[in-house]
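Each protein sequence line maps, in turn, to chains F and U.
Just so you know, our numbering puts the end of the first sequence at 306, numbered straight through with nothing missing.
Just so you know, our numbering puts the end of the second sequence at 1319, numbered straight through with nothing missing.
C-beta atoms are modelled at their ideal positions from N, C-alpha and C, and glycine is treated no differently.
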Amino acid sequence: MNGSLEVSEEKIIVQTEESKSWRDNAAWKRFKKNRLALIGAVILMVLLLASIMAPVLAPYSPYDSIKSEAGTLDVLAPPGSEHILGTDSLGRDMLSRIIYGGRVSLSVAFVAVMIATVTGVLLGVIAGYYGRWIDTIIMRITDVVICFPVLFLAITVATILKPNLFNVMLIIGLVSWTTMTRLVRGEVLRLREMDYIEATRAMGQRDFIIIMKHILPNIMAPIVVQGTLQTAEAILTESALSFLGVGVQQPVPSWGNMLNEATSIMVLQFKPWVWMPAGFAILITILCINFVGDGLRDALDPKMKN
Amino acid sequence: MKKYLIKRLLQSIPILIGITIMTFAIMQLAPGNPMQTMIDPKISAEEMQRAQENLGMNDSLPVQYVTWLKEIAQGNFGYTVKTGQSVGGLIVERLPATLLLTGTAFIMAFAIGVPLGVYSATHRYKLPDYVLTVISFVGISIPSFFFGLALIFIFALKLGWLPTSGMITVGADYSGFQLFVDYLKHVTLPAIVLALPTIAVVMRFTRSSMLEVLNQDFIRTADSKGLSKKVVYLKHGLRNALIPVITIFGLSIPFLFGGAYITEHIFNWPGMGSLGIQSIVAREYPVIMALNLFTSILVMSGNLLADVMYAWADPRIRY
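This is the structure in structure tokens:
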């Protein structure tokens, strides 16, 4: 009895998937209409591709100080034919460092958001689905952690731990799960009371199956939107940490630590090519992610608007 | 209302305890003995011995936590590792500068954000609305350190209009009005950097709240009575639209204090934020921890304030 029901259910899912090509998907149509989101998505694609293909695209190694033909170090050389974006105070090619820096900044943000999302969804689902004392405990902990501003907490933990790449990812991930937890818990609470969930439960389905098959797929939209916006936040946090010297460490390039050179007033005033490109790279990336996140929110979940 | 206020205050107690537990837990991760930093290092060896016994440095962690909490409650935030200064004293010394900066940014955020939001809402789907929307996105996307550096580069270094750093001109010895003008010159750039994200948020919030209100029947009534657009928008529309905006009052306070870290660092503003950054560089954990505790309590109070003000401003809301 139970088995036959499940089979027919699967058939329905397959049918709907077949009849729906992604091109005439309602969500995609709504997303397409938002021009800012579309532009943002295209630019992000380019940035992602550039990061993945960094070894191919970068004209020089991001770590080597390049000697000019005369045999001297090209330190703080202005943009020119040899170095499109100039060189930094150690004579390293800026363009190569920007490309590799993007690779570092984007992967840190991506892994951090993965950690935050898995933590947030897990805690949110447990709190929302099981309720009672476990909900109280998880939500009170969330209330406490949310009082510590993400950047503050990240800075504090980063000064205590060794600031290597892995720790930076871990720190940002572990301090930014709270919003996701609250969001997911709210959604699960809403779904848990719905008839189809009660029916599944009445049929004796295990909690794990109910959560994985019936609850999670239905709250994917807000999770994806929140995850996207969280990525922007993670890039911002990483760049701030690296800018302050407690994030990604030299010589590994990250957009944040490249801006650190601008704390020297000489570089700030007379060598703008050393700090401006990295700053604009961060700004454009975060801007595009926010555009895409906003577009996704309107497209996936029209109710969430405003 | 009174009942709600009491309920909300009671709810904050477990959160407050949680905040102290978490701060204490992070302190355990930091190198060095956190309890040792609670003792004034300038006292004699004998007194030190007694103080160490009093603090029970070898007690179990829960006991240490209670002792630590008692010291905090009495205003002892410990002493810096390197110079032996009182952390509480350091913070109190730096507090006025931060209050001045965040206060200026706070006023700026609402004085600019609300009118822009109203303008955006009343010009919906027209060019100014789109331009302001993009600007608000830039406002929440730009890293404060990059924005700050760019402003210094343009307005201080290239144009020479405003000073690059500090709170007042050192050694100028201004007084009265001159001092005020000097302060204004110094505060303009950091306040803009600090206020920008909040301006963007206030603007978007005012816009959507205004749009919602403008859709309602009483606005149509006011409009059909033949009232002027200005009266309808400002007197009938804005007054109702501002109710949800009030919540940002409370929520923006911790945000501004948090943003002060990097902004003060960039502009060399002599407040708590630059104290925090200096402590990070010097690995002065007692100061970092005290600032963490201070900020998180501030965030909690901000949330509380937001909730209470919202309930106070909108009598329709019953809890």
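Are the C-beta of residue i and some C-beta of chain U separated by less than 8 Å?
i: F152 (chain F); result: yes
i: G101 (chain F); result: no
i: I282 (chain F); result: yes
i: S19 (chain F); result: With a pLDDT of 47 at S19 (chain F), under the threshold of 50, the modelled position of this residue cannot be trusted; read the value that follows with caution. Output row for S19 (chain F): interface = no.
i: L170 (chain F); result: no
i: F243 (chain F); result: yes
i: V292 (chain F); result: no
i: V46 (chain F); result: no
i: F166 (chain F); result: no
i: R206 (chain F); result: no
i: W133 (chain F); result: no
i: R97 (chain F); result: no
i: W273 (chain F); result: no
i: P149 (chain F); result: yes
Please list the partners that residue i has in chain U, where partner means a Cβ-to-Cβ separation under 7 Å.
i: V144 (chain F); result: I1015, G1018, I1019 and M1022
i: T159 (chain F); result: I1280, R1283 and I1288
i: A262 (chain F); result: L1149
i: D140 (chain F); result: Contrary to the premise, residue 140 (chain F) reads as Arg rather than Asp in this sequence. Within 7 Å Cβ-Cβ: P1014 and G1018.
i: L236 (chain F); result: P1143
i: L296 (chain F); result: Under the 7 Å cutoff, chain U gives no residues; its nearest Cβ is about 14 Å from L296 (chain F).
Taking Cβ-Cβ distances shorter than 9 Å, what residues in chain U pair up with residue i?
i: S239 (chain F); result: P1143, F1145 and F1146
i: I286 (chain F); result: I1140, S1141, I1142 and P1143
i: G279 (chain F); result: I1142, P1143, F1145, F1146, F1147, L1149 and A1150
i: L259 (chain F); result: P1143, F1145, F1146 and L1149
What residues match up with residue i in a beta bridge as DSSP calls it?
i: D93 (chain F); result: F:T87
i: S1086 (chain U); result: U:Y1079
Using the Cβ count rule (16 or more neighbours within 10 Å means buried), how would you classify residue i?
i: Q226 (chain F); result: buried
i: G1250 (chain U); result: buried
i: T136 (chain F); result: exposed
i: Y1233 (chain U); result: buried
i: W1161 (chain U); result: exposed
i: Y1125 (chain U); result: exposed
i: Q230 (chain F); result: buried
i: N164 (chain F); result: exposed
i: M1027 (chain U); result: buried
i: P217 (chain F); result: exposed
i: S1224 (chain U); result: exposed
Answer with yes or no whether the minimum CB distance from residue i to chain F is below 8 Å.
i: G1139 (chain U); result: no
i: T1295 (chain U); result: yes
i: R1008 (chain U); result: no
i: N1292 (chain U); result: yes
i: M1300 (chain U); result: yes
i: F1153 (chain U); result: yes
i: G1258 (chain U); result: yes
i: P1254 (chain U); result: yes
i: L1029 (chain U); result: yes
i: L1196 (chain U); result: no
i: I1243 (chain U); result: no
i: I1135 (chain U); result: no
According to DSSP, simplified to helix, strand and coil, what is residue i?
i: L38 (chain F); result: helix
i: Y1079 (chain U); result: strand
i: L73 (chain F); result: strand
i: G3 (chain F); result: Only weak support exists for where G3 (chain F) lies, its pLDDT of 40 falling under 50; the value from the coordinates is given anyway. G3 (chain F) falls in the helix class under three-state DSSP.
i: S1228 (chain U); result: coil
i: C288 (chain F); result: helix
i: G80 (chain F); result: coil
i: T1164 (chain U); result: coil
i: V1299 (chain U); result: helix
i: V267 (chain F); result: helix
i: D195 (chain F); result: helix
i: L161 (chain F); result: coil
i: V1170 (chain U); result: coil
i: N1240 (chain U); result: helix
i: R201 (chain F); result: helix
Quick one: which chain U residues come within Cβ less than 8 Å of residue i?
i: A232 (chain F); result: S1141
i: T156 (chain F); result: I1026, I1288, M1289 and N1292
i: V246 (chain F); result: I1280
i: L38 (chain F); result: Neighbours of L38 (chain F) on chain U: none; closest Cβ ~14 Å, over 8 Å.
i: L268 (chain F); result: L1149, I1152, F1153 and L1157
Listing by chain order, which chain F residues have their CB less than 7 Å from the CB of residue i?
i: L1214 (chain U); result: Correct list: empty, because the minimum Cβ distance to chain F is about 13 Å.
i: P1270 (chain U); result: Near P1270 (chain U) there are no residues of chain F at all, since even the closest Cβ is about 17 Å away, more than 7 Å.
Which chain F residues sit within Cβ distance under 9 Å of residue i?
i: L1005 (chain U); result: Within 9 Å Cβ-Cβ: nothing; L1005 (chain U) doesn't reach chain F, min ~18 Å.
Taking Cβ-Cβ distances shorter than 8 Å, what residues in chain F pair up with residue i?
i: I1248 (chain U); result: Correct list: empty, because the minimum Cβ distance to chain F is about 15 Å.
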